[in-house]
Amino acid sequence: MQAGLVLSNLSKTYNRELLFKQLNAEFTPRSATAITGRNGSGKSTLLKIIAGLQLPSEGTTELKINDKTVSTEQHYQYLSFAAPYIELIEEYTLQEMLTFYFKLKPLSPALSLDQLPELLLLPKAKHKEIRSFSSGMKQRLKVGLAFFTEAPLLLLDEPTSHLDEEGKKWFQKNLQLVQDQRTIIIASNEEEEIESCTKRIHISDYSR
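My numbering puts the first residue of the sequence shown at 1336, with every later residue one more than the last.
Put into structure tokens, the structure is as follows:
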């Protein structure tokens, strides 16, 4: 499955403040794009609009799966999304969270649920409640869920936030594994997070 995306004349105003206007961009299948800009500039908002979690003030998003356009309401079926602000179910153990999540989203066919704690670098946390996890463990879980989902569009918002050096190396390794298989969009100002992106969108170019 391949995902292509076209943003046409996209504008967003929040609390009467213009975040961006007339943003046009095309994301070709299996490309990697970075969205950069100062904090509060609208990077996260743009990702949420692409995901169908927010509506633009003006303009359209067109997601094509194998060259067929899908409705905004169906976007979630074809994407995985990781961000520090996405909530986990704190009362669940790691095993319960993985089981629950992958009933809603398809797991990559190359993987099994039993492999995931090890792949997340959390082999001893299988039966621990997520509320007891450190911020780095939680972030690794959020990003891992996005990596291990079978979805052609991958959205990542500040993916190495809260990760230590080991976690950052883990992120880069897993990003390389999916880079040639998925359309990837990363919102970040951290060069190490976006160094593999071949295209960059500077959101400040659309806020004037």
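For each residue, glycine too, the CB sits at the ideal point set by N, CA and C.
Using the three-state DSSP reduction, which class does G1377 fall into: helix, strand or coil? The count along the sequence shown starts at 1 and reaches residue 1377 at position 42. Three-state result, G1377: coil.
Sub-8 Å separation of I1385 and L1457 beta-carbons: Translated into the one-based positions of the sequence shown, residue 1385 becomes position 50. Translated into the one-based positions of the sequence shown, residue 1457 becomes position 122. Taking 8 Å as the Cβ cut-off, I1385 and L1457 do not qualify as a contacting pair.
G1502 - DSSP class collapsed to helix/strand/coil: The count along the sequence shown starts at 1 and reaches residue 1502 at position 167. Correct three-state label for G1502: helix.
Which residues bound the alpha helix (DSSP H) around Y1436? Within the sequence shown, the letter at position 101 stands for residue 1436. L1429 to L1439 is the span of the alpha helix (DSSP H), which, as asked, contains Y1436.
Proximity to T1495 [Cα-Cα], best of K1508, L1480 and Q1474: Within the sequence shown, residue 1495 is the residue found at index 160, counting from 1. Ranking K1508, L1480 and Q1474 by Cα distance to T1495 puts Q1474 first.
What residue does the beta strand (DSSP E) around S1415 start on, and which one ends it? Taking the first residue of the sequence shown as 1, we reach residue 1415 at position 80. Segment L1414 to A1417, the beta strand (DSSP E) holding S1415.
Cα-Cα separation, S1366 to Q1516: Position 31 of the sequence shown, counted from the first residue, corresponds to residue 1366. Position 181 of the sequence shown, counted from the first residue, corresponds to residue 1516. So the two alpha carbons sit approximately 9 Å from each other.
Since F1362 sits in a beta bridge, which residues does DSSP pair it with? Counted from its first residue, the sequence shown places residue 1362 at position 27. Paired residues: L1340.
Return yes when the Cβ of L1488 is within less than 8 Å of the Cβ of L1388, no when it is not. The residue labelled residue 1388 in the question sits at position 53 within the sequence shown. The residue labelled residue 1488 in the question sits at position 153 within the sequence shown. No, Cβ-Cβ distance for L1388 and L1488 is not below 8 Å.
So, do the stretch 1517 to 1528 and the stretch 1371 to 1383 have three or more beta carbon pairs nearer to each other than 8 Å? yes
Would you please state the rounded distance, in angstroms, between the beta carbons of K1347 and S1392? I believe it to be under 8 Å. By one-based count along the sequence shown, residue 1347 stands at place 12. By one-based count along the sequence shown, residue 1392 stands at place 57. Confirmed, about 5 Å.
Identify which residue in L1451, Y1427, T1396 and F1435 has its Cα closest to the Cα of E1464. Counted from its first residue, the sequence shown places residue 1464 at position 129. E1464 has its Cα closest to that of Y1427, out of L1451, Y1427, T1396 and F1435.
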